[in-house]
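Heads up: take any position in the sequence shown, counting from 1, add 41, and you land on the working numbering.
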Amino acid sequence: MMSIITNSYSNVASTFFGTKFQKNIEELLVSPLKPQTIVLGYISGGIFRGICIGFLVSIIATFFSSIQIHNITLIILTAILTSTFFSLCGMINGIFAKKFDDIAIIPTFILTPLTYLGGVFYPMSILPEFWQNISYLNPMIYLINIFRFGFIGVSDIPILNSFIFLLIITLTFWQICILCLKKGIGIKE
């Protein structure tokens, strides 16, 4: 899952920022393309890269361990949703980044800690109630639990609730990307 997250995110963030940095974004903004089409074009690359790398990592992992699959459909849907969400996050980072270092800050200081605090190495039930409630604000909890359920059939959070939460935040980030492009936020100087 981490390979899907980092590749989806970094592909879109670096590509969009590179376009903005080289002033090629102006050509996109004056073209007859709608903001939705521009966002879809950028995140499609991130989704494809994230899914391809995740698939390759899974194939390589089968040489070192046996992989148990409880629900393949759930794994595929979650991989696509995860890749879409983090592609949108990468686009938002690319929109607001002022220099190349700004692209590396988010994965290093936000995504990696959220992943480690997302219940990868521990069940939510061992946390005190206060920290359990705080953990529910972390989108990684939901991603990790859906993936865990897809592979081993165990989850700390109901799967439907996790999907609904992820769908809502993905659609919210989609709208944020479109709004930023329409208004020129972070793009027009």
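All C-beta atoms in this analysis are idealised placements derived from N, C-alpha and C, irrespective of residue type, glycine included.
CB of residue i within 8 Å of CB of residue j, strictly
i	j	result
N134	A54	yes
L115	G191	yes
K61	I228	yes
M165	D143	no
T119	L201	no
I210	F127	no
I84	L122	no
S44	V98	yes
I117	N48	no
Three-way DSSP call (helix, strand, coil) for residue i in this model
i	result
M42	coil
S166	helix
V53	helix
K61	helix
L207	helix
Enclosing alpha helix (DSSP H) for residue i [first to last residue]
i	result
V71	I66 to V71
V98	P76 to F105
T156	T153 to Y157
N112	No alpha helix (DSSP H) holds N112; DSSP gives it neither H nor E.
S196	From DSSP, S196 is part of no alpha helix (DSSP H); its letter is neither H nor E.
8 Å Cβ shell around residue i - same chain, five flanking residues per side excluded
i	result
I219	P76, Q77 and V80
L158	S176, N179 and M181
I108	S99, A102 and F192
Cβ neighbours of residue i in the same chain (closer than 7 Å, five flanking residues each side left out)
i	result
R189	V195 and S196
Buried/exposed call for residue i, threshold 16 Cβ in 10 Å
i	result
I146	exposed
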